[in-house]
Structures are given as C-alpha cells and as structure tokens.
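In this note's numbering, each residue's number is its place in the sequence shown (first place is 1) plus 6. Think of the CB as a built atom: it goes at the ideal place given N, C-alpha and C, for glycine as much as any other residue. Let me begin by presenting the structure, written as structure tokens, before commenting on it.
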Amino acid sequence: MDDTSRQIRFTLNGRPVTARVESHLDLVDLLRRFDLFGARESCGQGLCGCCTVLVDGVAVSGCLTLAQLVDGRSVTTVESLDEGGALSPVQQAFIDEGAFQCGFCTPGFVMMTHELLKENPDPDEAAIRDYLAGNLCRCAAYPEIIRAVQTAATRMKTAQAA
Numbered sequence: 007m008d009d010t011s012r013q014i015r016f017t018l019n020g021r022p023v024t025a026r027v028e029s030h031l032d033l034v035d036l037l038r039r040f041d042l043f044g045a046r047e048s049c050g051q052g053l054c055g056c057c058t059v060l061v062d063g064v065a066v067s068g069c070l071t072l073a074q075l076v077d078g079r080s081v082t083t084v085e086s087l088d089e090g091g092a093l094s095p096v097q098q099a100f101i102d103e104g105a106f107q108c109g110f111c112t113p114g115f116v117m118m119t120h121e122l123l124k125e126n127p128d129p130d131e132a133a134i135r136d137y138l139a140g141n142l143c144r145c146a147a148y149p150e151i152i153r154a155v156q157t158a159a160t161r162m163k164t165a166q167a168a
C-alpha cells in the first residue's frame, strides 16, 4: 500500500463492505480482492465492455473507475444477478442461445443487457445493437447475443404478465 491509501465503505452485491484502497487502484482490481472475477479487464481503456459493473444502478467501465470513487455507493456485479439461487432470465437466455464462445466478454454483455431491458423491456434489433455497441466480442457471437437479448426480453415480459 502506498501512503495515499484510504479506507472506503460501500455496498457490494447487496452487502456492506470496507476496503483499503490505493489512489490508483481501479474498480476491477478492487473486485478481485473480494474474489469477484466476472468483470474482466481487457482493453484497459473502457472500449470493450468486458469490465462492466453497475455503480448505483448505472453501467460503468470498471477499468476506468477508480476504486475510491465507489465510497458510499452501491456496486453490483454479474455474480449477484441470480434470482433466489437460479440464473436470471438474461443469464439463462445467454446459455440457451449459446451467446458466447470463449465467455470472456459474456459478463459485460449480461450486465448491459440487464440495463437495456430495465430501460426498454421490448427492444427491437436496432435498439439492441445500439445499446450494446460499446461491448465487443472477439469471437463474433453477435447473432447469438442478439437472440439472447430477444429471448430474455420475451421471457421477462411473459413472467411479468403471469
């Protein structure tokens, strides 16, 4: 630790936590200290979406967010999206549609899809493509990802109607 470290308190996946962080530490590296590895640093420039997490319900690039900036805030990672021990509809749709190959980018796409469907529960393909434009899949599983978003949207609408 350098002499510019400080203690922060925040809510991580619904539970209060504290951490001592250095001034240069990014959020992805802080999450590793809590054994959370879903958000992954790939580009280190906020261009690929692999490190997407939610801070106070808003998607951010974990590689660009300084850890000290989450002091007093709420951080949500892909590890907490399950619903009562079952995968969320978005997570299940990504599996069912085979919307991944290597899986490296999948957590970021899942987080962004959750945000998209919260804002727009019935997106058309153009809206999906636009919303997910900041996420890159190097394996090019884009058709499957689009289908997964559509499947999740349908399932969530059906569940709400029931």
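Alpha carbon of residue i to alpha carbon of residue j, nearest angstrom
{"i": "Met7", "j": "Ser29", "result": "For Met7, the pLDDT reaches just 48, beneath the cut-off of 50, and the residue's location in the model is therefore unreliable, although a value from the coordinates is still provided. C-alpha separation (whole angstroms): 10 Å."}
{"i": "Gly50", "j": "Cys69", "result": "6 Å"}
{"i": "Gly91", "j": "Arg144", "result": "30 Å"}
{"i": "Gln166", "j": "Cys54", "result": "32 Å"}
{"i": "Thr17", "j": "Glu47", "result": "21 Å"}
{"i": "Gln6", "j": "Thr24", "result": "Absent from the model: residue 6. The displayed extent of the chain is 7 to 168, so no value can be given."}
{"i": "Lys163", "j": "Gly52", "result": "31 Å"}
{"i": "Pro149", "j": "Met118", "result": "16 Å"}
Under the three-state DSSP convention, the category residue i falls into
{"i": "Ala158", "result": "helix"}
{"i": "Asp32", "result": "strand"}
{"i": "Met7", "result": "At Met7, the pLDDT of 48 sits below 50, so the modelled position is not reliable and the matter cannot be decided from this model."}
{"i": "Leu18", "result": "strand"}
{"i": "Arg39", "result": "helix"}
{"i": "Leu72", "result": "strand"}
{"i": "Arg144", "result": "coil"}
{"i": "Arg46", "result": "coil"}
Assigned exposure category for residue i - 16 Cβ within 10 Å defines buried
{"i": "Gln74", "result": "buried"}
{"i": "Pro22", "result": "exposed"}
{"i": "Phe43", "result": "exposed"}
{"i": "Ala132", "result": "exposed"}
Cross-strand partners of residue i (DSSP beta bridge)
{"i": "Glu89", "result": "Ala92"}
{"i": "Ser80", "result": "Thr17"}
{"i": "Ser67", "result": "Thr58"}
{"i": "Ala25", "result": "Ile14"}
{"i": "Leu138", "result": "Its beta-bridge partners do not exist; DSSP assigns none."}
Next on the checklist: With a threshold of 8 Å, are at least 3 pairs of Cβ atoms found where one atom belongs to the stretch 113–131 and the other to the stretch 59–66?
Outcome noted: The stretch 113–131 is in contact with the stretch 59–66.
Next on the checklist: Three Cβ pairs or more, each shorter than 8 Å: is that satisfied between the stretch 33–45 and the stretch 91–111?
Outcome noted: Taking 8 Å as the limit for Cβ pairs, the verdict is that the stretch 91–111 does not touch the stretch 33–45.
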